[in-house]
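Here's the structure, in structure tokens; my notes come after.
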Amino acid sequence: MNDVIKKLTAEQALDVVKRLNEKGGEIGEAVLAEATNLLTAVNVETTADEVFFVLDSIEVQDCWDRSGRSRHGYTEPSEAAVELVEEELQPFYDQAARYRELGMAEQETTYCMGVILGIYRYEHESKSVFREWCSDVPTECAGYLLDTWRERNQGTARTQAMDEFIQRRCPKWAKFLVK
936 MNDVIKKLTA
946 EQALDVVKRL
956 NEKGGEIGEA
966 VLAEATNLLT
976 AVNVETTADE
986 VFFVLDSIEV
996 QDCWDRSGRS
1006 RHGYTEPSEA
1016 AVELVEEELQ
1026 PFYDQAARYR
1036 ELGMAEQETT
1046 YCMGVILGIY
1056 RYEHESKSVF
1066 REWCSDVPTE
1076 CAGYLLDTWR
1086 ERNQGTARTQ
1096 AMDEFIQRRC
1106 PKWAKFLVK
């Protein structure tokens, strides 16, 4: 019977967690505590590695498959490259938004630092053929995330910490991203 949990789909496991939380009491508190622990365990390096891996996994063939003529007109390879990068980064943008919605400003900041570092590493370390098709896209995507983050964190110590982080860990972007 111990294998039952391992055999659940992600959707089924989520349903079990929701049901346990709804029961309240000690079980509900334990579920909430574990969820909070999971969300507070944000690591810049781990997040950066995840972002780098996702971006570095984009195949140039995917870009070529999306570009060219279609019934909707013509798509330049550079446009297709932007779409691919943005699609891969969207789950990271969404997670940053979830931290904000939960009022977890420190975790949001740390997470955004990791995402920006991962994008930076991709731009400067990737040997991917696809990378050549999206030359300015990584900087623009990092700038978008940072601008969105700054709107929520104006005048806070976190803003200064973010600028220092970018200067230290993403020095080639400092002149573009640090305000």
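Under this note's numbering, the letters of the sequence shown match residues 936 to 1114, in that order. Every residue gets a Cβ at the ideal spot worked out from N, C-alpha and C, and that includes glycine.
In terms of DSSP beta bridges, what is Tyr1009 paired with?
Counting from 1 along the sequence shown, the entry for residue 1009 is found at position 74. DSSP, once it has assigned bridges, lists Arg1004 as partnering Tyr1009.
Same chain only: Cβ atoms within 8 Å of Ile993, ignoring 5 sequence neighbours per side
For the purposes of this step, residue 993 is taken as residue 58 along the sequence shown, with counting starting at 1. Cβ within range, chain order: Leu1019, Val1020, Glu1023, Ser1063 and Phe1065.
Does the separation of the CB atoms of Pro1120 and Ile1054 fall below 7 Å?
This structure gives no information on residue 1120, because the portion of the chain shown stretches from 936 to 1114.
Could you say which of Val1017, Glu1041 and Arg1087 lies nearest to Glu1075 if we only look at CA atoms?
Translated into the one-based positions of the sequence shown, residue 1075 becomes position 140. Residue nearest to Glu1075 within the set Val1017, Glu1041 and Arg1087 is Val1017 (criterion: CA-CA distance).
C-alpha gap between Arg1104 and Asp1098, whole angstroms:
As a first step, residue 1104 must be located in the sequence shown, where it is residue number 169. As a first step, residue 1098 must be located in the sequence shown, where it is residue number 163. Rounded to the nearest angstrom, the two C-alpha atoms are 10 Å apart.
Nearest CA to the CA of Leu1081: which residue from Lys1107, Pro1106, Ser1070 and Val1113?
In the sequence shown, the residue the question calls residue 1081 occupies position 146. Taking Leu1081 as reference, the option from Lys1107, Pro1106, Ser1070 and Val1113 with the minimal CA-CA separation is Val1113.
Would the C-beta of Thr1074 count as close to the ligand SAH, meaning under 6 Å from any of its heavy atoms?
No copy of the ligand SAH occurs in the structure displayed, which carries no ligand at all.
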